[in-house]
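>
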Amino acid sequence: MASEDVHTPGDSAGKHEGGSPGVFSWDTTPDLNYTPPPTTSPGSDSMSKSKEGPAEGFHQEYIASLRYRNDLPPPEMPPKFLEIPHEGLDRFLTPGFASNLARREEPNIDVDAEGGMPIDLVGIPGLHLGDESAIMAPENPPPLDPADLQLLMTPDQLRNPAPKNANVSFLRRTQYIATGGGGRGIDGIKPSPTANVPLRTAQPKPKSARSRDDPIHVKKYIQKGFDIAYPESRHTGDDTASRIRGLPASKTEQDAWENPVHPDNPNLKPVGFYPIIPDLTGFPDPGGFLQIKFDKAPVQAVKGKRDDRMDVSIIMPTAPEERVCQDHASKAALHKANPKLYPDPGPVPYNYELFLPEKTGTTAQIKSSLNMSNPHKDDQAHYTHENSEHGKFHRYERIRTYATNTQSLNMDSKYKDVAITLFDPAEAKASKNHSVDATTTTPSNEGKESQHRLKQKGAYYYPILGKLRIKPERSRTIAQAGLGSGRGAVKDNKEEEQIHQMQVVVRDPDETEAYKRATHRAQVDSKFASSLPAPAPEEGEEEEVVVVEKEEPAKDEDGEGELERDASPVMPTVEDADDLED
Numbered sequence: 001m002a003s004e005d006v007h008t009p010g011d012s013a014g015k016h017e018g019g020s021p022g023v024f025s026w027d028t029t030p031d032l033n034y035t036p037p038p039t040t041s042p043g044s045d046s047m048s049k050s051k052e053g054p055a056e057g058f059h060q061e062y063i064a065s066l067r068y069r070n071d072l073p074p075p076e077m078p079p080k081f082l083e084i085p086h087e088g089l090d091r092f093l094t095p096g097f098a099s100n101l102a103r104r105e106e107p108n109i110d111v112d113a114e115g116g117m118p119i120d121l122v123g124i125p126g127l128h129l130g131d132e133s134a135i136m137a138p139e140n141p142p143p144l145d146p147a148d149l150q151l152l153m154t155p156d157q158l159r160n161p162a163p164k165n166a167n168v169s170f171l172r173r174t175q176y177i178a179t180g181g182g183g184r185g186i187d188g189i190k191p192s193p194t195a196n197v198p199l200r201t202a203q204p205k206p207k208s209a210r211s212r213d214d215p216i217h218v219k220k221y222i223q224k225g226f227d228i229a230y231p232e233s234r235h236t237g238d239d240t241a242s243r244i245r246g247l248p249a250s251k252t253e254q255d256a257w258e259n260p261v262h263p264d265n266p267n268l269k270p271v272g273f274y275p276i277i278p279d280l281t282g283f284p285d286p287g288g289f290l291q292i293k294f295d296k297a298p299v300q301a302v303k304g305k306r307d308d309r310m311d312v313s314i315i316m317p318t319a320p321e322e323r324v325c326q327d328h329a330s331k332a333a334l335h336k337a338n339p340k341l342y343p344d345p346g347p348v349p350y351n352y353e354l355f356l357p358e359k360t361g362t363t364a365q366i367k368s369s370l371n372m373s374n375p376h377k378d379d380q381a382h383y384t385h386e387n388s389e390h391g392k393f394h395r396y397e398r399i400r401t402y403a404t405n406t407q408s409l410n411m412d413s414k415y416k417d418v419a420i421t422l423f424d425p426a427e428a429k430a431s432k433n434h435s436v437d438a439t440t441t442t443p444s445n446e447g448k449e450s451q452h453r454l455k456q457k458g459a460y461y462y463p464i465l466g467k468l469r470i471k472p473e474r475s476r477t478i479a480q481a482g483l484g485s486g487r488g489a490v491k492d493n494k495e496e497e498q499i500h501q502m503q504v505v506v507r508d509p510d511e512t513e514a515y516k517r518a519t520h521r522a523q524v525d526s527k528f529a530s531s532l533p534a535p536a537p538e539e540g541e542e543e544e545v546v547v548v549e550k551e552e553p554a555k556d557e558d559g560e561g562e563l564e565r566d567a568s569p570v571m572p573t574v575e576d577a578d579d580l581e582d
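Mapping of the sequence shown onto UniProt numbering: position 452 corresponds to residue 452, and the numbering continues sequentially without gaps.
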């Protein structure tokens, strides 16, 4: 194998030449006194090349980085602080430097895969079992802190703030004000020479006898609105306990009532006026109604339309499971022990059974039976089913069991939430197909028409005693299928007590039920309350109850048998009077 000749540079070749450090120039001219070592080669071509190689020379540069060590000895003097000028740091402490830095440098914020908002529904407990309370807005949101009100401002409010009407003295126009007759008046106009007339001092306005927050003033202010709407019933006398005189109405308020204008769209014109009045004959036994919301539609639409059987559906409350009662009892005990730390759990969350008519298309017949103003409501032809044992009836089938998701009751203030229904007798009479006027034509009632119980046009309000949000009770369904772990298992006696079918027969309310409904009307109708009689004693109760008891039972003439007498809450008979005399 051929080898090239390697020449070792002389002493002058190791010296650093001019230029950048680390660049050396090596002289590759062959030295005549250097003898290369002997080499062996199998061919003659290599020998010829070795002979020709030393005859030629070349120049190359080698670049290398050198590191120098400077091991200085420690200073002989002790260390001390030196005064170094630092005027350049002042610019880093100015607010302008921070603002410029914020504009130049974009903030490096690490955003997760969900963009800061968790959208993965897998980790939400109970969501796939039907409990959607974690992703639903609460029925009664907590009150907003006043410090957070600025966060709800719209971009328009932030961009165009309302101008402040500030009176600036130096922006007023120049005026010359003179106290005497010889001076110039306003705008430099010289007034006519008149005698100095003493200025009339402004008399202080008499203070109102009552403040705006006074309850009497609030009642008078509310009564003013009724006086404007119904001037014929205005009270002009002195204030009494039952009637109060309203505040005087201004001309602007009178014009606003006669020509109402929409606050946002002046082009809108009112098409009807409805006085807000209570429905005196529409009170149920509890005195109000419940607002129930379903998480999902309870039944599917029929041919793309809502199932009208929901209008006559029956929702029956049932006792919840034992675990729900125990959980509620523990929360109630914690609230009683420490009301500040533990909130009030409220009433027991009951379960609710939903029943619908068995047959579709029977809603009109059921409404005819339920219409109190229908003169033929007792007609047996309205019922949808019949058997030999019970006669005619409406059959309802159980659809599903629902559990309480959220609930809020207004038993203390039942008029906190109300429902309003607009009724116009002219429109009700014109629409023959209205649900309240729909009747079933039979040979016995042909020619008769159902009259609506409401006669006066108005917006009738009904108290809402509570609001419920119910959801399907999936735990019981899973337990019945045998797929659950036993937590929501249904006992055999519960399954036996569950109602799957109902047979409904409609009747008029009895005296007790009618009187109970009349008490609710008396709370809003003072004239009706004055004529309401005292409550009648319930069945099985008397005003005075006399029970005669003896220490030893009486014996018959032979002395063998004993006379048996049951203690009953009735008036004493003649025989009892004889016993008392003995």
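Beta carbons: idealized from backbone N, C-alpha and C, even for Gly. Quick caveat: nothing in here was measured; it's all calculated off a predicted structure.
How many whole angstroms separate the CB atoms of serine 373 and histidine 382, which I take to be in contact at a CB cut-off of 8 Å?
Not really, about 14 Å apart at Cβ, beyond 8 Å.
> Measure the alpha-carbon distance for residue 583 versus proline 260 and round it to whole angstroms.
Nothing about residue 583 can be reported from this structure: the residues present for the chain run from 1 to 582 only.
> Using the three-state DSSP reduction, which class does lysine 414 fall into: helix, strand or coil?
coil
> Who pairs with proline 472 in a beta bridge, going by DSSP?
Tyr402
> Would you mind working out which of Lys220, Glu389 and Gly130 sits nearest lysine 296, comparing C-alpha positions?
Ranking Lys220, Glu389 and Gly130 by Cα distance to lysine 296 puts Gly130 first.
> Mind checking threonine 363: buried by the 16 CB within 10 Å criterion, or exposed?
buried
> Take the Cβ of serine 485 as the centre, count every other Cβ of all protein chains shown within 10 Å, and call the residue buried at 16 or more, exposed below.
Confidence in serine 485 is poor, its pLDDT being 43 and thus under 50, which makes the residue's placement unreliable; the coordinate value appears in the next sentence. Classification of serine 485: exposed, given that the 10 Å Cβ count is below 16.
> Under three-state DSSP, which class holds alanine 385?
The amino acid at residue 385 is misidentified as alanine; the sequence shows histidine. Of the three classes helix, strand and coil, the one that applies to histidine 385 here is strand, per DSSP.
> Mind checking which residues open and close the beta strand (DSSP E) that includes phenylalanine 355?
351-357
> Please name the residue in His452, Asp279 and Ser250 whose C-alpha comes closest to that of tyrosine 460.
Asp279
> Could you tell me which residues DSSP puts in a beta bridge with leucine 290?
Gly466
> Applying the criterion that 16 or more other CB atoms from any shown protein chain within 10 Å of the CB defines a buried residue, is tyrosine 230 buried or exposed?
exposed
> Hey, quick one: how far does the alpha helix (DSSP H) through proline 215 stretch, first residue to last?
215-229
> Leaving out five residues on either side along the sequence, give the residues of the same chain with a beta carbon under 7 Å from the beta carbon of arginine 521.
Leu280, Phe283 and Phe528
> To the nearest angstrom, how far is it from the Cα of phenylalanine 355 to the Cα of isoleucine 276?
34 Å
> Using three-state DSSP, classify tyrosine 461 as helix, strand or coil.
DSSP, read as helix, strand or coil, puts tyrosine 461 in strand.
> Counting only the same chain and skipping the five closest in sequence on each side, list residues whose C-beta sits under 8 Å from that of alanine 134.
Ile124, Pro125, Gly126 and Leu127
> Out of curiosity, what's the CA-to-CA distance linking arginine 103 and phenylalanine 92?
15 Å
> According to the Cβ coordinates, are valine 299 and isoleucine 366 closer than 8 Å?
no
> Which of the three DSSP states, helix, strand or coil, is assigned to leucine 334?
Residue state, collapsed to three classes: helix.
> Could you check the C-alpha separation between proline 349 and glutamate 358 for me, to the nearest Å?
28 Å
> With a 10 Å radius around its C-beta and 16 neighbouring C-beta atoms as the bar for buried, classify asparagine 338 as buried or exposed.
exposed
> With 16 other CB atoms within 10 Å as the buried threshold, where does threonine 154 fall?
exposed
> In whole angstroms, what is the alpha-carbon distance linking lysine 331 and lysine 340?
13 Å
> Please name the residue, chosen from Glu61, Val505 and Asp145, that lies closest to histidine 390 on a Cα-to-Cα basis.
Val505
> Is it true that the CB of lysine 336 sits closer than 8 Å to the CB of tyrosine 402?
no
> Checking the sheet assignment: what are the DSSP bridge partners for glutamate 397?
Leu356 and Gln501
> How about methionine 316 and glutamate 353: do their beta carbons lie closer than 8 Å?
yes
> Rounded to the nearest angstrom, what separates glutamine 456 and histidine 328 at their Cα positions?
46 Å
> To the nearest angstrom, how far is it from the Cα of proline 75 to the Cα of glutamate 87?
29 Å
> Assuming the contact rule is C-beta atoms closer than 8 Å, lysine 414 and proline 463 should be a hit. Round their C-beta distance to whole Å, please.
4 Å
> How long is the line joining the alpha carbons of phenylalanine 58 and proline 79, rounded to whole angstroms?
56 Å
> Within its chain, find whatever has a CB closer than 6 Å to the CB of lysine 293; leave out the 5 residues flanking it on each side and keep chain order.
Arg469
> Which term fits threonine 404, buried or exposed, when burial requires 16 or more other beta carbons within 10 angstroms of its beta carbon?
buried
> Hey, would you say glutamate 132 sits closer than 8 Å to lysine 467, going by beta carbons?
No; because the gap between Cβ atoms is not below 8 Å, this pair is not in contact.
> Tell me the DSSP bridge mates of leucine 144?
According to DSSP, which records beta bridges pairwise, leucine 144 is partnered with nothing at all.
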